[in-house]
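Protein chains in written order, with my numbering: chain A, -5 to 193; chain B, 1237 to 1419.
Where a beta carbon is used, it is the ideal one built from N, C-alpha and C, also for glycine.
Since we're looking at a predicted model, the values are computed, not measured.
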Amino acid sequence: MSVALRPISLPEFSLRVATRPARGDWFVLVTPPHQLAGTQETLAADVEAFTEGAPKVTSLVESSRDLVRAIRTPTDGVVLVGGLESFSDVEWRSVDLMRSRLEGAGTVVLLMSPKQLNLLAGSAPNLASWLTGGIWRLDEDIEQLSEAERADRLKRLQTSTAMSDEDIIKGAQNGTLSREPQFTEWLLLLGRSDLIERR
Amino acid sequence: LSVDDALRSARELQDRLHAALVPAPPSTPKTLCASVRALLIGASDEGALSSPLHEILKLLNHTSQTHETREYVLLSCGESMDDGQAGGSFLHKPDGSRLSFAVTVVFDRRGPGALVAYRFHLQFPDGSVPRFLRFDLNQEPAAHEPLDEPRYHIHPGSNDIRAQIPPMTPAQVLHKLIYGVTA
């Protein structure tokens, strides 16, 4: 299985999960191991906010039977399963053999590290085929202003005020720049927060 | 009444408002973003914003820069200025108005954040009077007399008119502009 890891922000992932609360929808969110616990907590809260229903959360899964039990728990909402990091290829192979028992499950979200995803893909190819299209990589930087967006904001400020970046820097340096909020933003976008303090 | 009385009166008003109402600062950059995002999601769920939720999430961005021990965070949503230009990225309301905002907050390692500046601009549909409402927080120290330019002020459809408002948090301004103003 070729594992395509598309980047996604946590709010957008939560929204995708919440807007597809159909039976048989599977999602995987991949994060570095040290972010798993915090991501699970935030994801559960976000999904609850979007769906107005708390997801069924399982934080520790020690065996393939545990996983099947967690996923088959009757619920009309979302099943969120983390705590899969101790799984070996043996467990995943076992889950793959029991996959028929997972059919008809609700919306399932598996939270795991890249290492576990590779194990799953290699040892549970049938289960992995259900996940195609639903695998995402958490990218917290995706909500960061991109370089293009930063340039667009600066251009709009320049057009709106008929001033240049140099005008702003000079004004901040000699204390004549207005305190209006757009100029504070302008300095920050220029990477001159030192001048925000000097104004 | 003299000009001096008017200046003194405006200073007193601003000082008393600032002393009585200090907006609770966000504790971390994450909580700032999360609280604003939650407010916008709630407004979308209730139909107070007509922009699709995925567009709202896409519009909400942040960037930061650190100077010495202080991290300056800019949380923005929509265009950096709204001059009534055609097109552009904005939050939209069912009445046809559009909203954009930017908030700058500074966080120091030693304590919670502090509001530095903000701009919340609600542009009404063509033909509306006034054409816009803008809530601004100017960076301190104030360069002008509060009589002319209070630190927290509203522009009621004119860039040249600045009326004193109480110190308001970003959430309070958003509540007013999303739920409390209709074109």
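- For the pair S172/A and Y1308/B, the CB atoms are not nearer than the 9 Å cut-off.
- Your pair T45/A and A12/A checks out as a contact, with CB atoms roughly 5 Å apart and the cut at 8 Å.
- Y1388/B sits buried, since 16 or more C-beta atoms from the chains shown fall within 10 Å of its C-beta.
- Distance from the CA of V1352/B to the CA of V62/A, rounded to the nearest whole angstrom, comes to 51 Å.
- By the neighbour-count criterion, in which a residue is buried when 16 or more other Cβ atoms sit within 10 angstroms of its Cβ, N168/A is exposed.
- The beta-carbon of S187/A is placed less than 9 Å from the nearest beta-carbon of chain B.
- Rounded to the nearest whole angstrom, the CA to CA distance from A1256/B to Q1250/B is 10 Å.
- Boundaries of the alpha helix (DSSP H) harbouring K1294/B: 1289 to 1295, taken from the DSSP string.
- In the DSSP assignment, Q176/A falls within the alpha helix (DSSP H) that extends over 175 to 183.
- Exclusion of the five residues before and after L183/A leaves R144, R147, L148 as the residues of its chain whose Cβ lies within less than 7 Å of its Cβ.
- A residue is called buried once 16 or more other Cβ atoms fall within 10 Å of its Cβ, and A1242/B, having fewer, is exposed.
- R144/A belongs to the set of residues whose beta carbon lies under 9 Å from a beta carbon in chain B.
- For the region 1341 to 1367 of chain B, the set of positions with a beta-carbon nearer than 9 Å to some beta-carbon of chain A reads V1342, V1352, A1353, Y1354, R1355 in chain order.
- Beta-bridge annotation (DSSP): W130/A is paired with R0/A, L23/A.
- Taking every protein chain shown into account, the CB of D40/A has 16 or more other CB atoms within 10 angstroms, so this residue is buried.
- Of the residues F81/A, A142/A, Q152/A, S94/A, the one whose Cα lies closest to the Cα of S117/A is F81/A.
- M106/A has its alpha-carbon roughly 11 Å from the corresponding atom of I129/A.
- Under a 10 Å Cβ-count criterion, V84/A is classified as exposed, with fewer than 16 other Cβ atoms of the shown protein chains found around its own Cβ.
- For the pair G47/A and A1279/B, the Cα-to-Cα distance works out to about 18 Å.
- Assigned with DSSP and collapsed to three states, K50/A falls in strand.
- With its beta carbon at least 9 Å from every one in chain A, K1329/B lies outside the interface.
- Closer than 9 Å to the CB of T1305/B there is not a single CB belonging to chain A.
- Inter-residue distance for R150/A and M1317/B is about 6 Å (C-alpha atoms, whole angstroms).
- Under the 10 Å beta carbon count, P119/A is surrounded by fewer than 16 other beta carbons and is classified as exposed.
- Your pair L1383/B and A1246/B checks out as a contact, with CB atoms roughly 4 Å apart and the cut at 8 Å.
- The region 1273 to 1351 of chain B is shown to contain whole beta strand (DSSP E) runs of 3 or more residues at 1296 to 1303, 1306 to 1313, 1334 to 1344, in chain order.
- Within the same chain, and ignoring the five residues on either side of W124/A in sequence, the residues whose Cβ sits closer than 7 Å to its Cβ are W20.
- As the crow flies, the alpha-carbon of P1348/B is around 25 Å from that of K1412/B.
- DSSP, reduced to helix, strand and coil, places D1372/B within a strand of the structure shown.
- Under the 9 Å criterion on CB atoms, F81/A is classed as non-interfacial with respect to chain B.
- With respect to the 9 Å criterion, L1285/B and I1414/B are classified as neighbours on the basis of their beta carbons.
- Sixteen is the threshold: when 16 or more other Cβ atoms of the shown chains lie within 10 Å of the Cβ of R1273/B, as they do, the residue is buried.
- Inclusion of R1334/B and R1355/B in the CB contact set at 9 Å is not warranted, their separation being larger than that value.
- Around Q152/A, the same chain offers S158, D159 as residues with beta carbons nearer than 8 Å, after the five sequence neighbours per side are excluded.
- Following the DSSP letters along the chain, one finds L113/A inside the alpha helix (DSSP H) bounded by residues 108 to 117.
- DSSP places V1409/B in the uninterrupted alpha helix (DSSP H) bounded by 1406 to 1415.
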